[in-house]
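Per full-length UniProt numbering, the sequence shown runs over residues 1 to 457.
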Amino acid sequence: MVLKIAAAASAYFPKEYTVHVVTAIVVIIIARVISQGRKTTRERDLHARVILLTGGFTPFGLTLLESLAKRGAHVIALTPYDVESEGVSTYINLLRSETSNEQIFAETCDLSSPPSIHAFGARFAKNQEQRIDAVVFTHEYRHLGIMGRPNSKEVEAQREEGALATFLLTTLLLPVLLTAPAERDIRLINVVNRFYPAAIPSFRDTKSFAFSEPAAMKRGSFLAEGVRALRTVVFTRHLQRILDALPNAAPLPKPTEQNAAPVPVVRPGSSQRSNIVAVSVSPGLSRAETIAPLLGASTGGTVFGLITYALLYPFLFVFAKSAGASIETVLHALFLPTPFKILSAEEHPKDSGEDREVLKPGALYAECAVVRVPMRVEEETAAEAAASAPEKAPEGSGKEELKMPDDREFGGEVLGRRVWEAYEKGLREWNEANPSPPPVPEEKETRTESPPPSRTV
Numbered sequence: 001m002v003l004k005i006a007a008a009a010s011a012y013f014p015k016e017y018t019v020h021v022v023t024a025i026v027v028i029i030i031a032r033v034i035s036q037g038r039k040t041t042r043e044r045d046l047h048a049r050v051i052l053l054t055g056g057f058t059p060f061g062l063t064l065l066e067s068l069a070k071r072g073a074h075v076i077a078l079t080p081y082d083v084e085s086e087g088v089s090t091y092i093n094l095l096r097s098e099t100s101n102e103q104i105f106a107e108t109c110d111l112s113s114p115p116s117i118h119a120f121g122a123r124f125a126k127n128q129e130q131r132i133d134a135v136v137f138t139h140e141y142r143h144l145g146i147m148g149r150p151n152s153k154e155v156e157a158q159r160e161e162g163a164l165a166t167f168l169l170t171t172l173l174l175p176v177l178l179t180a181p182a183e184r185d186i187r188l189i190n191v192v193n194r195f196y197p198a199a200i201p202s203f204r205d206t207k208s209f210a211f212s213e214p215a216a217m218k219r220g221s222f223l224a225e226g227v228r229a230l231r232t233v234v235f236t237r238h239l240q241r242i243l244d245a246l247p248n249a250a251p252l253p254k255p256t257e258q259n260a261a262p263v264p265v266v267r268p269g270s271s272q273r274s275n276i277v278a279v280s281v282s283p284g285l286s287r288a289e290t291i292a293p294l295l296g297a298s299t300g301g302t303v304f305g306l307i308t309y310a311l312l313y314p315f316l317f318v319f320a321k322s323a324g325a326s327i328e329t330v331l332h333a334l335f336l337p338t339p340f341k342i343l344s345a346e347e348h349p350k351d352s353g354e355d356r357e358v359l360k361p362g363a364l365y366a367e368c369a370v371v372r373v374p375m376r377v378e379e380e381t382a383a384e385a386a387a388s389a390p391e392k393a394p395e396g397s398g399k400e401e402l403k404m405p406d407d408r409e410f411g412g413e414v415l416g417r418r419v420w421e422a423y424e425k426g427l428r429e430w431n432e433a434n435p436s437p438p439p440v441p442e443e444k445e446t447r448t449e450s451p452p453p454s455r456t457v
């Protein structure tokens, strides 16, 4: 039947347009291949590797979760819902069946609630046998806000909560990661949207990236998302500076404390490197996570947005990324060897012709490659120098300061410190606005002499 229909259609097809139609089809296919971006050429055995994943129940997160599970990884996906709920348990059971991997789990952790994040961090720290090889933060990738609409307080609160949740969870997990064996290869990957270039020209004054600023309500959707993404990128780079200098630093606070670690002042003079590598990844424009929310076609959107998305879908199918294509750069960051894992010259001769690409600590990756972000290097002001003066440890005090050369990337160490301090301030306000409930007092055991209970027949 199909062949008959095709034969009948070909009889009415104008033969003089055959070349044009074939050329158009080839151009569309090439455009789609280019738009889907590069695919990683790396592969890595993830069996026995424990990966903590946020945003694991979004289209992007589920695709990444399935890909990791197929490679044998032990994945813990954080969810704000009860792990025994029908939706979460159904997803987990389906993924286990589809990937033949029973090491897929969900943990309750509401990233919009500081008490919930603290509770998860405390539970994780208490489990002495729990290891962790990678943390992938994908909850900040999804676009927030609808194009053409002013930012509402609810949307701006979502932006702040997502960014502060990344900062809080990172600082809560750091004590666990730092006590792991030194030979363990640990990675922290922050997934950000592609609008970070919009924020580069104005990203220097603290007010431009601070939390809870009235000016944030006046930003357009693209600029607001760009600020959120670039702030995370700068934070990740400064986190790597601190990690590389931590051997000379005081220990970080315990994960049960309400406030995150105070920002250390990084000074030149050390070349030590950490086995923990933090990078940012920008997957690009995804249909499900970028375009649909931007048009208002996702959950909580509008009918007009749904119609617009449906009409534009053929165009978006060609020029926007699918969820499967979006995760390639994340996989690339997970698969690349880290610098401290590179073999020695005797084991890996230079004339072998092998590609020796390694994961660059603190870098921003897009399309499976390092992205150079042209940002002006900020200088320390007199007020900042005076404020950081107490951090310099006097001789004989026994207090060490962090030392590391300023790489002058992403605004340099000074801008990184300003962003870190903005996170600290925002986190303090967030904790104060969402205090943990008081602990339930334990009932004291009292022993009293009481007559035996009477029996009734």
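In this text, a Cβ means the ideal position worked out from N, Cα and C, and glycines have one as well. All values derive from a computational prediction rather than experimental measurement.
My understanding is that residue i touches residue j, with C-beta atoms under 8 Å, so please give their C-beta distance in whole angstroms.
i      : j      : result
Ser226 : Pro197 : Correcting the residue identity first, residue 226 is Gly in this sequence and not Ser. Confirmed, about 7 Å.
Ile189 : Val373 : With 8 Å as the limit, Ile189 and Val373 do not qualify as a contact, their Cβ atoms being about 17 Å apart.
Ala288 : Phe60  : 7 Å
Ala73  : Leu95  : Contact doesn't hold; Cβ gap of about 12 Å is too wide.
Phe167 : Leu334 : With a Cβ gap of about 22 Å, Phe167 and Leu334 do not count as contacting.
Leu178 : Leu239 : Wrong, their Cβ atoms sit about 12 Å apart, outside the cutoff.
Ala210 : Ala433 : That pair is no contact at about 16 Å.
Arg204 : Arg376 : 7 Å
Ser67  : Lys321 : Actually they do not touch by this definition, with Cβ atoms about 15 Å apart.
Leu336 : Val318 : Wrong, their Cβ atoms sit about 29 Å apart, outside the cutoff.
Val191 : Pro339 : In fact, because the Cβ distance is near 22 Å, the residues do not count as touching under 8 Å.
Arg159 : Leu169 : Rounded, the Cβ-Cβ distance is 16 Å, inconsistent with contact.
Ile146 : Leu294 : 7 Å
Where residue i and residue j are concerned, what is the direct C-alpha to C-alpha distance, given to the nearest angstrom?
i           : j      : result
Thr99       : Lys39  : 21 Å
Phe222      : Glu16  : 46 Å
Tyr141      : Val176 : 25 Å
Asn127      : Ile76  : 14 Å
Glu156      : His139 : 15 Å
Gln103      : Val22  : 47 Å
Ala366      : Asp185 : 22 Å
Glu346      : Arg356 : Unreliable placement is indicated for Glu346, whose pLDDT of 38 sits below 50; no coordinate value is reported for it.
Arg32       : Ile276 : 36 Å
Ser202      : Ser152 : 22 Å
Ala180      : Glu380 : 35 Å
Leu311      : Arg273 : 51 Å
Val414      : Thr206 : 11 Å
His332      : Cys368 : 6 Å
Gly51       : Val88  : Inspection of the sequence shows that residue 51 is occupied by Ile rather than by Gly. Rounded to whole angstroms, Ile51 to Val88 spans 18 Å at the Cα level.
Val330      : Ile92  : 21 Å
Gly55       : Ile28  : 32 Å
Thr63       : Leu53  : 12 Å
Arg241      : Gly362 : 8 Å
Ile5        : Pro14  : 16 Å
Gly148      : Leu285 : 18 Å
Thr236      : Ser280 : 7 Å
residue 461 : Pro314 : Lying outside 1 to 457, the shown extent of the chain, residue 461 is not represented and no answer is given.
Ala292      : Ala182 : 43 Å
residue 496 : Thr290 : In the structure displayed, the chain extends from 1 to 457; residue 496 sits before or after that span and is not available.
Phe195      : Thr108 : 30 Å
Ser436      : Phe120 : 13 Å
Thr90       : Glu154 : 30 Å
Arg71       : Phe57  : 19 Å
Arg187      : Thr18  : 52 Å
Arg49       : Glu429 : 36 Å
Ile30       : Thr171 : 44 Å
Based on DSSP bridge pairs, tell me the residues matched to residue i.
i      : result
Phe137 : Thr54 and Asn190
Lys321 : Ser286
Tyr365 : Val281 and Val370
Thr308 : For Thr308, which the question treats as bridged, DSSP gives no partner whatsoever.
Thr108 : Thr79
Ile117 : In DSSP, Ile117 forms no bridge with anything.
Ile276 : Ile186
Taking Cβ positions only, does residue i come closer than 8 Å to chain C?
i      : result
Ser326 : Of the protein chains in the structure, only one exists, and it is not chain C.
Cβ pair count under 8 Å reaching 3, the region 73–88 against the region 109–123: Under the 8 Å Cβ criterion, the region 73–88 counts as touching the region 109–123, having at least three qualifying pairs.
3 or more residues per run - each beta strand (DSSP E) lying fully within the region 26–105: DSSP runs (the beta strand (DSSP E)) wholly in the region 26–105: 50–54 and 74–79.
contact_flag[the region 148–168, the region 225–239] where n(CB pairs < 8 Å) is 3 or more: With a cut-off of 8 Å, the region 225–239 and the region 148–168 count as touching, because enough Cβ pairs lie within range.
Contact between the region 83–93 and the region 125–141 (3+ Cβ pairs under 8 Å): No, they do not touch.
Segment contact, 8 Å Cβ cut-off, at least three pairs: the region 317–329 with the region 36–54: The answer is yes - the region 36–54 touches the region 317–329, with three or more Cβ pairs under 8 Å.
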